[in-house]
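I have placed the structure first, in the form of structure tokens, so that the comments after it can refer back to it.
Residue numbers (UniProt numbering), protein chains in the order written: chain A, 1 to 313; chain B, 1 to 309.
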């Protein structure tokens, strides 16, 4: 009976109220949406339009030139290095980071002091990428007599010092650094999802004599699948725009590092605001469009790959 | 570390004190030697020790001479203390990189930008989740997509337009920081608003509160935790932001910290002024470390809500 009365009473009462509530929508949402439109949506459209023009930058007027920017960009060495490196960071870095994060979810769940460990592992994520790049520059410094931390340790163990930051090695070093610096973030997200899994599932598995791998494969992974998906999207977005870390780590200072170490972000920066060479805003816009295209393709692919019915618990 | 100390009482308060049932005894054979577990624990401990070592190295190196940094990386600082100038590196960085001005600029800029961002985003998130307007769901998705736009994509048109109207300075940067932080903040806050029960709003309405009042005196205070998380995460993000600061700040007197450090890097490594450089890194990193230690639990719950829902 009680449910019937509330059901019949609510539309009358809520109807007018709902109208008043809806009137709040635009005053509340408009400021944020306007800023979003003005500073993100419109500039993105402008970048796409400008990518089809020849434009040296401020003082020059953009002249339409079709797909010339794209054609020149794709055939240039610097873009090929930048594109290849970005893909390496997204894929190799992603595989490394997630493998590490998964390994940690297996171990950290029933480890003493797990919360402290998590907090310590998260620490590189609060450090400015510029500062992180400088720190890693110290770690991998190669200079006889003034060796960085990595070479100091290697030399004191009797090995030869290595030129970690030589152009041919720098991509590998950055990938490893990236995995180290970002794994804490993904461990934190995944562990929070793991904490929500009811413990009886694990206890049941333990009674059945399941190994850590079996528990991971049959409980942890399926139960955290949607969080893993979101984490994957976040990774793709963040790894694709990586800029400061590589710029400072691989570079000599305030101008761009050698071409072989470039990322797409460095390409855009170098063609516009970098202190090296003449600016070419048209080419930079084309590269920025390539970044957007790449992030869209990867995110859509990832979402399609990860699509699976969510498990309710 | 103190993170667990902060966490323990809060957890106890949140859950009623009840003894958990005894953990069932594992099946015979399941406690056998597992290579995966050994490998895992080893890596976890190596990793954790590595991070602690990094912090130790950073702290001690900021008090060392370059010779000590490179030849005795794991020792405690000695030379500057012996000379009676323990803070020499910090003083050098402060005076030669313009960190004094930069600290003021950064604190004001980041502080104002985070507060304004949350002030603009919270009502928007409320409107998108709880006003029952058709199309709010897709609109939320459109805003969330903004998180995936690399800054490099928008920076060129923004630079051209803002420099044309002479806003290529800290004022322009302030507006940019607010605008570019909106997608993430709105996304995070929608998670918090969605988690509130409908009954509260209905009760407020039945008591005769206007929708405006319901928002300001009932719903908004309930997302206080969410707002603190949003403030913290934005503060860390903007404090560390370098790309936009490099592009938009030309006047050294108004550099932000990370921008000043970036400029200092070239000069200091040219002069082999490594002690001062590491002190500079420490000046940028340590305030965020303190903020993180104080608010670690909030940051982690916030991330979970953002990513997990």
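Ideal Cβ positions, reconstructed from N, Cα and C, are used throughout, including at glycine.
Taking CB distances under 8 angstroms as the criterion, tell me whether residue 56 (chain A) reaches chain B. no
So what does residue 54 (chain A) bridge to, in DSSP terms? A:63
Beta-carbon separation (whole angstroms), residue 285 (chain A) vs residue 156 (chain B), contact threshold 8 angstroms: 6 angstroms
Whole alpha helix (DSSP H) elements within the stretch 174 to 241 of chain A, 4-residue minimum: 199 to 207, 212 to 215, 225 to 240
Report yes or no: is there a C-beta of chain B within less than 8 angstroms of the C-beta of residue 35 (chain A)? yes
Do you know whose CA, among B:107, B:37, B:82, B:120, lies nearest residue 31 (chain A)'s CA? B:120
Among the residues of its own chain, which have a CB less than 8 angstroms from the CB of residue 66 (chain A), if the five just before and after it don't count? 52
Chain-order list of residues whose beta-carbon lies under 7 angstroms from that of residue 202 (chain A) (same chain, five-residue window excluded): 215, 219
Straight-line CA distance for residue 227 (chain A) to residue 270 (chain A)? 36 angstroms
Local conformation of residue 278 (chain A) per DSSP, three classes: coil
Alpha carbon of residue 169 (chain B) to alpha carbon of residue 269 (chain B), nearest angstrom: 27 angstroms
Which of helix, strand or coil DSSP assigns to residue 260 (chain A): helix
4-residue-minimum alpha helix (DSSP H) runs that sit fully inside the stretch 149 to 233 of chain B, ordered along the chain: 151 to 164, 170 to 194, 198 to 206
Within its chain, find whatever has a CB closer than 8 angstroms to the CB of residue 298 (chain A); leave out the 5 residues flanking it on each side and keep chain order. 90, 236, 240
Report yes or no: is there a C-beta of chain B within less than 8 angstroms of the C-beta of residue 106 (chain A)? yes
For the stretch 146 to 166 of chain B, enumerate the residues whose C-beta is nearer than 9 angstroms to any C-beta of chain A, in chain order. 146, 147, 148, 149, 150, 151, 152, 153, 154, 155, 156, 157, 158, 159, 160, 161, 163, 164
Could you tell me if residue 19 (chain A) is buried or exposed, where buried requires 16 or more neighbouring beta carbons within 10 angstroms of its beta carbon? exposed
Listing by chain order, which chain A residues have their CB less than 8 angstroms from the CB of residue 73 (chain B)? 149, 152
Anticipated Cβ contact below 8 angstroms, residue 282 (chain B) with residue 59 (chain B), distance rounded: 7 angstroms
Under the assumption that residue 143 (chain A) contacts residue 283 (chain A) (Cβ atoms under 8 angstroms), give the Cβ distance between them as a whole number of angstroms. Not a contact, Cβ separation roughly 35 angstroms.
Give the C-beta separation of residue 303 (chain B) and residue 189 (chain A) to the nearest angstrom, bearing in mind that I take them to be a contact with Cβ-Cβ under 8 angstroms. 6 angstroms
Against chain A, does residue 144 (chain B) count as a neighbour if the rule is that its beta carbon must be under 8 angstroms from one of theirs? no
Check this for me: beta carbons of residue 81 (chain A) and residue 260 (chain A), under 8 angstroms apart or not? yes
By Cβ distance, which residues of its chain are closer than 6 angstroms to residue 187 (chain B), with the 5 residues on each side in sequence left out? 144
When Cβ atoms are compared, which residues of the stretch 217 to 234 of chain A fall closer than 7 angstroms to chain B? 227, 230, 231, 234
The alpha helix (DSSP H) that contains residue 75 (chain A), what's its start and end? 68 to 75
Indicate the three-state DSSP secondary structure (helix, strand or coil) for residue 252 (chain B) in the structure shown. helix
At a Cβ cut of 9 angstroms, what residues of the stretch 233 to 251 of chain B count as close to chain A, listed as they run along the chain? 236, 239, 240, 241, 242, 243, 246, 247
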